[in-house]
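Peer 1:
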Amino acid sequence: MRFSDRSSDRSIRGMTYWYALNWALVLVFTFVTLVQGELQLAQVAGGLTVTNARRTLDLTGSDVREQVELHLENTGSTPVEHYYWLTPASGSQHVGLVHASVAGSGEPLLLVKQSERLVDPQDSLLYDLYALQLPSLLPTGGQLDLSILAVRTNATDPLPRAVGQFEKHYLVYQANVYLDSPYPVQKQSTKVLLPSSSVQSFSQSPSPTKKSGKTITYGPYSSVVGLARAPLRVHYYQETPILTLPSVHRQVRLSHWGGFLTVDDHAVVKHTGAELKGNYQETLRLSAETETGFIINNFHMEIPRLAYDVYFRDEVGNLSTTTLHHGEKAQRLIFQSRYPLCGGWIYNWNHGYHQPLSDVLRYDPETQRYNLQQTLPVLMKGVPEEQVELDVILPEGAYDVQVRTAMEIDHVDYSTYYSYMDSVGRVLVRFTHHHVVSEYGAYPIIVSYRMDSLSLFLKPVVLGLALLAAFLLASAMSRVNFKLPAPPSSTVPSKKPSTDESNEVSSPVKRNTAAGDLSKRRSKKK
Amino acid sequence: MGSATTAPPAQGTQNLLALLRVSVLVLIAIIAFSSRLFSVIRFESIIHEFDPWFNYRSTQFMVKEGLYEFWNWFDERSWYPLGRVVGGTVYPGLMVTASVLHNLLHWFNYPVNVREICVMMAPLFSGLTALATYLFTKEVHSSVAGLFAALFIGVAPGYISRSVAGSYDYEGISIFILMLCFYLWLKALRTGSALYAAFTALTYFYMVSAWGGYVFIINMIPLHAFVLVLMGRYTQRLYVVYCTFFVLGILASMQIPFVGFQPTYTSEHMASLGVFGLLQLVAFYQYANSLLPQKQFQLLFRTALVGTVVIVILGFLALSASGRIAPWLGRYYSLWDTGYAKKHIPIIASVSEHQPPAWSALFLDLQLLMVLFPAGIYFCFTRLGEPQVFVIIYSMFASYFASVMVRLILTLTPVVCVAGGMVIAQLLHSYGSPEIRSAEATVVTQPAPSKSEEAKPAHRARSTLLGQGVVLGSLFLVISIFMFHSTWVTSEAYSSPSVVLSSRRPDGSNLIIDDFRDAYYWLRKNTAPDAKVLSWWDYGYQIAGFSNRSVIVDNNTWNNTHIATVGKVMASDEDTAYEILHQLDVDYVLVIFGGLIGYSGDDLNKFLWMIRIAQGVFPDDVRERDFFTASGDYRTDDQASPTMRDSLMYKMSYYRFNEMFKGQAVDRVRGTRAPTKPIRLDTLDEVMTSSHWLVRIYQVKKPDNLGRSLHKAAALGKRGN
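In order, the protein sequences belong to chains A and B.
To convert, note that position 36 of the first sequence is 36 in the UniProt record's numbering; the numbers rise steadily by one, no gaps.
To convert, note that position 366 of the second sequence is 366 in the UniProt record's numbering; the numbers rise steadily by one, no gaps.
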C-alpha cells in the first residue's frame, strides 16, 4: 500500500507553524478554484490510445460502480508517464472513489486529482481530471492493461419523485454510453447491470444495444474519438431501498490503562429513494398481501470480532430490538429502526463498543513509537456516507503525533480534548472526509505517537495530590477553633440551665441515666 | 433504655465504635443506592413515568442555558397556544441540584451525561436520606436506633416507590431534605443555638425550592412548638430557635418565584405565623411575670389573653371573608374531606395517586415496620422529651395523611422507620447485652414488651440466655424477611419505567414493548418541528420530552378549561371535534390503545374521566349519561351507546382494528369483542400505529377546499367512486 505523504511527519510542537502554512495553502487553493484553470483536450491527450475498453456500470446497490478494463498502447513518439481519467464535473453525483491498478495485480496506482479541469470545446462541458501515474514510463509502442474502479454516489434519481406506500419504485440513471476518455478508443463496450429485469425504458441508440435479463449491453463500438458522448438513460425498477448515511461521526479513544479502544459512532441514515406520497399507514402495511420491499426497518452493521460491551441507542434510549451475532471474521449488529424507513425519512442512532488495544495498536521498539491503525468508518456495506468525521483521541501524555493515510483526506485537524479527569488534556486528531464508500474500509489510516511510560502515572499522581490537599485542608481546619470567645457573663440565653438535657452533644450516658431514672420511677410505682 | 451501670467506653473503644458506625452507615447508603437500580439493570438508564420527563427536560435546559435563562424560560412547547412560564411555575431545587452536580463533574473533566445524573439522582439522595435519618433518630433515641432507622429507610418500599433510579422527581430529593431539616430543628432545639436554627431555615429554603411538600415542614415545626408551649415546656431555647427559623425561613422561601408572597396570605402558612405571635406573647408573659407582683399580673394576663384570642379570631374571620387570606388549594381540601375531589374537582380525583390507599398498600410498603411503628410511638411516650414529642406529632399527622392519599405514604415512611429503629434498638439493648444475665436483668428489661420474666432465680441464667436467643433470633428473622420483602416489592412493583413495558413471549423469553418511544421518536423525526400534538394530558410531558413537539395540555394541570377542551374533543363526534381541532391549530392527535396486548392503562379506560372533566366545563355539550348504555353499563363493543360510538376517542381507538383480524378482533383490556361495524374517519388520517398498537397517531386533515365539512366531502367522494 502506498501512502500519500500529504499530511505526514507533522509534530504537535510545530503545529502553529503548520497552521500558518495550512491557512496559506487554503488561501492559495481558494484562489485557484476561483480562477480554476481549464485545460484543452490537446494538453492532456498526447500519445496514448485505448485499444480496448470494457466497461461495466453496476446499478444494483445504493451507489453506482463503474468498472473499466483498459488496454492501452502508446502510439505517440515520446514515453508517457500519466494516464488521465475523466469524469463529468457537472450534475449532483459525486465521485466517492477512483481506484486504479494494473490488471491482474492488486497494487494500486497513484492517482492525483488535478486542480485544473478539462473542457470540451464543443459544448464547454467540464471534466474532472485524475492523473494516474503509470507503474513505469510507457515507451512508444508499449502496451499496458489497466483496471479502474470508480464509485459514484447520488448518481440515480427516483422517477416518479414520490410514490405511494404500495406503488413500485423506479430509478433513472443517466450517463455516457462511451467511456469518458481524452484518448481515442478503438474498441469499447458498456454493460449495465440492473437490480431486476424489469425496466420501464432504456436508450436504444447508438446501436447495437441488447437487453437480456438483468443486463443491458451497449456496443461494441469501434473507433470512437476522444470525449465522444452519447446519452445513456435507464429507467428501471428498484426493489431494494436506496440508502445513504448523510453523516457519520466516529470517536475513537485509546486507553493504555484499560488496554482498550472505545469506539463511539453517531450516524444518520436516510432513505434516498422516491419520497412517500401521502401518509404511511402501518395498519395497511400489516394487512397488505404484497410488499414492495422499498420500505426498510432492518439494518445490518459489522463490528470487529473482538468488540465487547456493545451498545446501541438513539436520542430517546436503547433500541431493544438490536441483536448481535457472532461470526468468523466479524460480529453482526442487526437493529430495527423505531419505525420503518420510507422514502425521504431519516433515522439516527448512536452505537459503540470496546475493542482490545492489541487489535489495532502496535509498538515499534526501533522508532519507539506507537502505531494505531484505523480506517474511515464504513458502517453498512454498500451504503455511501456523505460526510464522515473520525476523531482519534490519543492517551493523555502522547506527543510527537504523526499521521499517515493511504488516500487523500479532505481535512486533518488537531485539537486538545479533556476527558475523565485529565489535567493536561489529550491530543485529538480529526479526519473529515466527504463521500465515503465501502472500499474505504480497506484504506488504513495510521496515527503514530510517542508516549513515555511515566506519563501513565500522571493521572494517579494528580488525583493523589488532589486528595492529599483535601486531607491537609481538612486536617488544618480541624485544628483551628472557629468559635467566638465565650461571652463574659450569662447574656446568652441558651447558656441558662434548661429543664431537661444540657447542651452537650448527645451523650448516651446522660440519656441512659434519664431512662434509668424513669425505669426506677416505674418500679417504684409498682 | 440503658442500664445505669454502663460505664462510658474507653477512648479506643469509642474510636472503634465511631469507625464501625461510619462504615455501617456507608454500607447502608450503598445498599440504599444499589437496591434502587433494578430498573437500570433490567431495562436501561431511562427517565421514568410522566412528571420526571418535564424535570429532565428543564434540567437539560438549565444545563444548556444557565439559571438566569431558566428563570425567564417561557416554554412555548406546552399548553399551546397559551404557553407556560416555567421559571415562575416550578420548584427549581431538583433541577438546580442536578445541574450543579453536572457542572461540578464536568469541571473536574469527568464527562457524564445529564441523563445519567438525572437517573441516578434519586438513588444518590436515598443514600443521603439514610444518613439524615440516622442523625434524626440519634437525636430522638440513640445511635443504635439510628443505624436501624437508616437501614429501614434505605430499603423501605414506601420510599423506594418514589426514588428508584430514573424516577427523577421532587420526592426523590425532598425526603432527604425533610429529614435533614427535622434533624437540624431538633438539634437546634436541644442546643438552643441560633446557628442551627439558621441552618434549619436554610434547609427549609432548599425544601421550598424543591417540593410543594414544604408545607408539611412549615406546619410540623410550628405545631411542635405549639404543643411544647401547651405542655408547659416553653423555654428560652424554643423562643430563640423558633423565631430564628421562622423569620429566616419565611424570608428565604419567598425568594422562590413560584412561592412568592404566598407565605403572607395563604392558610397553609398561617399556623407558623400564629405560633410566632403566640411565642412573642408567651415570652412577654414570662417577662411580665418576672417583673410584676402576682395579683396585677393575673389581671393583666386574663385581660390580655381574652383580648388576644378575640382579636385573632375576628381578624382571621375578617381576612378570610374579605378574601385576603387565600382559601386552601383543592388538593389540600381533599386531605380533609376525601370525597371532596370526587365531587368538585374531577381532575384531582382522576389521578390514582390521589386516592386513599387500601390497607394492603400500606402493608406492601411498610410490612414489618407497620408492626413496630406503634411500639416505637409507645417508647416515645415513656420518655417524653422534646424530640419524642416531635416524633409523636409527626407520626400522628403523617399517618392521617397517608391514609387519605396514597402518595403521602411517602412522608409517613421516614417516621415509621425511625420508630422501627427505636424498637429494634430497645429490644437489642434489653436482650443483646451479655450483662443481662446478671441480677439487674429484670430491672433493665422492664420497659421492653416481653413476657419471659417469670423464670425462677436458679434457672434464670440459662432461661434468660435461651430467651435472649429466641428473641434475637426471631428479630433477625423478621428483619431478614423485611429485607427480602422490600427487595421483592422493589423489583416487582416499583422498578418499571412505564415508558418501556416488559412482557414474556410464549417461549418464556423477555419481550420489551417499546411502542411509546417508537411512536414518540417517529413524531420527533418525521413531523414538522412546529407541529402541534393533541393527546390526553398524561402524555404531555413525555411528548415534549421524547418528541420535542408542542402539546396542547400536559401534566402540569394548571388550566382546567384547556384540559376540558381536550376532553371535549375526545368525547365529541367528528364534526364538532374537527372544529375544535381546527381552532386549536392541532396537527396530530395521539391516543393510547391497549386493546391488542391488554394494556389496561389506555385512553378508553381513562375516557370516563375525560368525559367527566369535559362535563365540568361544558355541561351542555358533554353528558356522562350519554356514554352509558340504556342499562347503565360502560361498554365499548357493538352494544355501546350511540354517543360513545360517535366519539372521536372510540373511533380512533378501534379504527381498522376489526379489519386487521378479519372480523375476529378481541379487545383484551375490556374482554369484549371489538366493534364489528367498520369505522369511518373523515377528518383524520392515520399516520402511525406502533407495532403493538399501543400508540396511534392521526393527522388532522386540512379543511376542504370548497368549504364543505370533511364529512360531506368524503361522502361525496365515495359516491363519486
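Glycine residues also receive a C-beta, built at the ideal position from the N, C-alpha and C atoms.
#1: Chain A partners of B/D518, CB-CB under 7 Å?
#2: Under 8 Å between C-beta atoms, does A/I346 make it to chain B?
#3: Distance cutoff 8 Å, beta carbons only. Does A/N298 sit that close to anything in chain B?
#4: Run through DSSP, which three-state label would B/H429 get?
#5: For chain A, is any of its Cβ atoms less than 8 Å away from the one on B/P111?
#6: Mapping the DSSP letters down to three states, classify B/K295 as helix, strand or coil.
#7: What residues from chain B crowd round A/N318, counting only those whose CB sits closer than 7 Å?
#8: Tell me whether A/F431 sits in a helix, a strand or coil according to DSSP, three-state version.
#9: For B/F245, is the classification buried or exposed, using 16 other Cβ atoms within 10 angstroms of its Cβ as the cut-off for buried?
#10: Please report how far the alpha carbon of A/L86 lies from the alpha carbon of A/H271, in whole angstroms.
#11: What does the Cβ neighbour count give for B/R36, buried or exposed, with the cut at 16 atoms within 10 Å?
#12: Residues in the same chain with beta-carbon distance under 7 Å from B/D646, minus the five sequence neighbours each way, listed in chain order, please.
#13: Who are the Cβ neighbours of A/G104 in its own chain at under 6 Å, not counting the five residues just before and after it?
#14: Does B/W211 pass the burial test, meaning 16 or more other C-beta atoms within 10 Å, or should it be called exposed?
#15: Below 8 Å on the Cβ atoms is my contact criterion, and I expect A/V80 with A/Q186 to pass it. Report the Cβ-Cβ distance as a whole number of Å.
#16: Evaluate the contact criterion for the region 432 to 447 of chain A versus the region 377 to 386 of chain A: three or more CB pairs, one atom per stretch, below 8 Å.
#17: Buried or exposed for B/T636, please, with buried defined as at least 16 other CB atoms from any protein chain shown within 10 angstroms of its CB.
#18: If we define contact as Cβ-Cβ less than 8 Å, is A/Q251 a contact residue for chain B?
#19: Taking only three categories from DSSP, how would you classify B/P642?
#20: So for A/T140, helix, strand or coil by DSSP?
#21: Identify whether B/R302 lies in helix, strand or coil by the three-state DSSP scheme.
#22: Using a Cβ cut-off of 7 Å, which residues of the region 407 to 435 of chain A contact any Cβ in chain B, in chain order?
#23: When you compare each of B/P703, B/H106, B/G166 and B/K606 to B/R670 by their alpha carbons, which one comes out closest?
#24: Would you check if the distance between the CB atom of B/D587 and the CB atom of B/K532 is smaller than 8 Å?
#25: Can you tell which of A/N297, A/V316 and A/V388 has the C-alpha that lies nearest to the C-alpha of A/I346?
#26: Please name the residue in A/V68, A/L456, A/L390 and A/V102 whose C-alpha comes closest to that of A/S247.
#27: For A/L126, write down the residues that DSSP places opposite it in a beta bridge.
#28: In chain B, which residues lie with their C-beta within 8 Å of the C-beta of A/Y280?
#29: Rounded to a whole number of angstroms, what is the C-alpha to C-alpha distance between B/S322 and B/Y265?
#30: From the DSSP secondary-structure annotation, give me the bridge partner or partners of A/Y417.
#31: Taking B/R57 as part of the alpha helix (DSSP H), name the residues at either end of that continuous run.
#32: Please list the terminal residues of the continuous beta strand (DSSP E) segment that includes A/G343.
#33: What did DSSP end up calling B/W537 once you bin it into helix, strand or coil?
#34: If we cut at 8 Å on Cβ distances, does residue 722 of chain B have a partner in chain A?
#35: Name the residues in the region 102 to 134 of chain B whose C-beta lies less than 8 Å from a C-beta of chain A; which are they?
#36: Hey, how far is the Cα of B/E65 from the Cα of B/V96?
Peer 2: Answer, in terms of the structure:
#1: Chain A residues near B/D518: R338 and Y339.
#2: Yes, its Cβ sits closer than 8 Å to a Cβ of chain B.
#3: By this cut-off, A/N298 is not an interface position.
#4: Helix at B/H429.
#5: At least one CB atom of chain A sits nearer than 8 Å to the CB of B/P111.
#6: Helix, per DSSP.
#7: Per Cβ cutoff of 7 Å: E44.
#8: For A/F431, the three-state secondary structure derived from DSSP is strand.
#9: Buried, since its Cβ has 16 or more Cβ neighbours within 10 Å.
#10: Computed Cα separation, rounded: 30 Å.
#11: With 16 or more neighbouring CB atoms inside 10 Å of its own CB, B/R36 falls in the buried class.
#12: Cβ within range, chain order: D573.
#13: None.
#14: Result: buried.
#15: A/V80 to A/Q186, Cβ: 17 Å. No contact.
#16: Segments in contact, yes.
#17: With 16 or more other CB atoms across the displayed protein chains lying within 10 angstroms of its CB, B/T636 is buried.
#18: Not one chain B Cβ lies under 8 Å of A/Q251.
#19: Note: B/P642 maps to helix in three-state DSSP.
#20: DSSP places A/T140 in the coil class of the three-state scheme, outside both helix and strand.
#21: It is helical.
#22: For the region 407 to 435 of chain A, which is checked against every Cβ of chain B, the residues closer than 7 Å are Y418, S419, Y420, M421 and D422.
#23: Of the listed residues, the one whose Cα sits closest to B/R670 is B/K606.
#24: Yes. Within cutoff.
#25: Of the listed residues, the one whose Cα sits closest to A/I346 is A/N297.
#26: In this structure, A/L390 is the residue among A/V68, A/L456, A/L390 and A/V102 with its C-alpha nearest to the C-alpha of A/S247.
#27: Its beta-bridge partners are A/V119.
#28: Taking a Cβ-Cβ threshold of 8 Å, the residues of chain B close to A/Y280 are V687 and M688, in chain order.
#29: Those two C-alpha atoms are separated by around 12 Å.
#30: A/Y417 is bridged to A/R426.
#31: Counting along the chain, B/R57 sits inside the alpha helix (DSSP H) bounded by residues D51 to E65.
#32: First-last for A/G343: undefined, no H or E at that position.
#33: Here B/W537 sits in helix by DSSP.
#34: Residue 722 of chain B lies beyond the range of chain B shown here (1 to 721); nothing can be said about it.
#35: Correct list: F108, N109, Y110 and P111.
#36: When rounded, the separation of the alpha-carbon atoms in B/E65 and B/V96 is 12 Å.
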